[in-house]
Amino acid sequence: MRKMKPELPEYLDRICVVLTRPSHPANIGAAARAMKTMGLSRMVLVAPALMATPMTPNPPLFCADSPQNFRLPEESFVLASGAKDVLENARITATLNEALADTAISCALTSRKRELTAPMRTPRELAPALLQAAAAGQTVALVFGNETFGLSIEEAQSCNRLMTINGNPHYFSLNLAQAVQVVSYELFSHIDVSMAYLQQERQLATQKQTEGLLAHWQEVMAQSGFFERRNETRLMRRISAMFHRAELGEEDIDILRGWLKTLSRRLPQNNQD
């Protein structure tokens, strides 16, 4: 019987990922994929300023007067893979204030410690409080900045939490999609989602199947001459105990008996041709 996949908590729908002024079409798609793998589906794009790429030589232009008319290029959808629905349902706004209008908690992803006085927290430290707020019915925003410049001081100050991803102080360079993946994973790791559905179902062998294997094992050992200088009864008793301790499955029995059959055919007395 196939195991059912667990349902994700509904409150994850109250957590949105806000990409402020994203510039690379592929990064937007990869960020959508990163989100969906961790159960997040709400994306907000703030004034996207897409650059030209080999796949998107003429990127769509964003107009602040009609943000609802902006359409992502095909490159974003290719990189999103199975998360195209996240892009299709993405909300487009002209300003960060619009994006955060209905949020109770907004986390600015930044490393601008010198310019900001509020305490910085890692995603792991903030995750429990963010999930608790979402579970209580509040909207939570994770706000990421432009790939090149990050969030401006003003944008970071528009948020009421500062979050930073800790890393190698001598080399720390995550791209946008990687940062989204790290934060999304830290949130998901605090949710009790069973992985039982990933485990292969195992049918334990019956007593009859185990006894059949023992008899077959004893037969081949006898054919090989193994018992000529050993106590057959004592050895089989120990092998029987070993098999029962192992809690063999039906596939284990099939593999071992298949091997015994092959071995038996190759013994000298059974190979007269």
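So for the sequence shown, my numbering puts the first residue at 16; every next one is plus one.
Positions of the beta carbon are idealized from the N, C-alpha and C atoms, including for glycine.
Computed from a predicted model, the values in this text were never measured in an experiment.
Among Leu282, Val235, Ser167 and Glu113, the one whose alpha carbon lies nearest that of Ser126:
The shortest C-alpha separation from Ser126 is found at Ser167.
Extent of the continuous beta strand (DSSP E) run through Val32:
Run containing Val32: Ile30 to Thr35, per the beta strand (DSSP E) assignment.
Cβ-Cβ distance between Ile120 and Leu87 below 8 Å
For the pair Ile120 and Leu87, the CB atoms are not nearer than the 8 Å cut-off.
Who does Gly165 pair with in a DSSP beta bridge?
Asn161.
Is the beta carbon of Leu34 closer than 8 Å to that of Leu60?
Contact check for Leu60 against Leu34 passes: the beta carbons are separated by less than 8 Å.
For Val59, report the span of its beta strand (DSSP E) as first-last.
Start and end: Arg57 to Val61.
Going along the chain, which residues of its own chain have a beta-carbon closer than 6 Å to the beta-carbon of Gln153, five neighbours each way excluded?
Result list for Gln153: Ala119, in chain order.
With a CB to CB cut of under 8 Å and the five nearest residues on each side skipped, what residues in its chain are close to Phe92?
Excluding sequence neighbours, Phe92 sits near Gly44, Lys99 and Leu102.
What is the rounded straight-line gap between the Cα of Gln238 and the Cα of Trp232?
Each residue's alpha carbon lies about 10 Å from the other.
Can you tell me whether Pro63 is buried or exposed, with buried defined as 16 or more other CB within 10 angstroms of its CB?
Taking every protein chain shown into account, the CB of Pro63 has 16 or more other CB atoms within 10 angstroms, so this residue is buried.
Does the Cβ of Asn161 have 16 or more other Cβ atoms within 10 Å, making it buried, or fewer, making it exposed?
Around the beta-carbon of Asn161, 16 or more other beta-carbon atoms lie within 10 Å, marking it buried.
Helix, strand or coil, according to DSSP, for Thr108 in the structure here?
Thr108 falls in the strand class under three-state DSSP.
Glu201 classed as buried or exposed, judged by whether at least 16 other C-beta atoms fall within 10 angstroms
Of the residues assessed, Glu201 falls on the buried side of the cut-off, its CB having 16 or more other CB atoms within 10 angstroms.
Compute the beta-carbon to beta-carbon distance between Leu228 and Phe203, rounded to the nearest angstrom, for a pair I have assumed lies under 8 Å.
The beta-carbon separation of Leu228 and Phe203, rounded to 43 Å, does not stay under the 8 Å limit for a contact.
Which of helix, strand or coil does DSSP assign to Met19?
In the three-state DSSP reduction, Met19 falls in the coil class, being neither helix nor strand.
Per the contact definition of three or more C-beta pairs closer than 8 Å, is the region 171–180 in contact with the region 134–141?
Taking 8 Å as the limit for Cβ pairs, the verdict is that the region 171–180 does touch the region 134–141.
In angstroms with no decimal places, state the Cα-to-Cα distance between Ser188 and Phe159.
So the alpha carbons of these two residues sit roughly 14 Å apart.
Ignore the nearest five residues each way along the sequence and tell me which others in Ala149's own chain have a CB closer than 6 Å to its CB.
Only Tyr26, Arg29, Ile30 and Val155 meet the Cβ criterion.
Does DSSP put Arg4 in a helix, a strand or coil?
An answer regarding residue 4 cannot be provided, because it is not within the stretch 16 to 288 covered by the chain.
Which ranges would you report for the beta strand (DSSP E) in the region 69–124 if only whole runs of at least 3 residues count?
For the region 69–124, whole beta strand (DSSP E) runs of length 3 or above, ordered along the chain, are 106–108 and 120–124.
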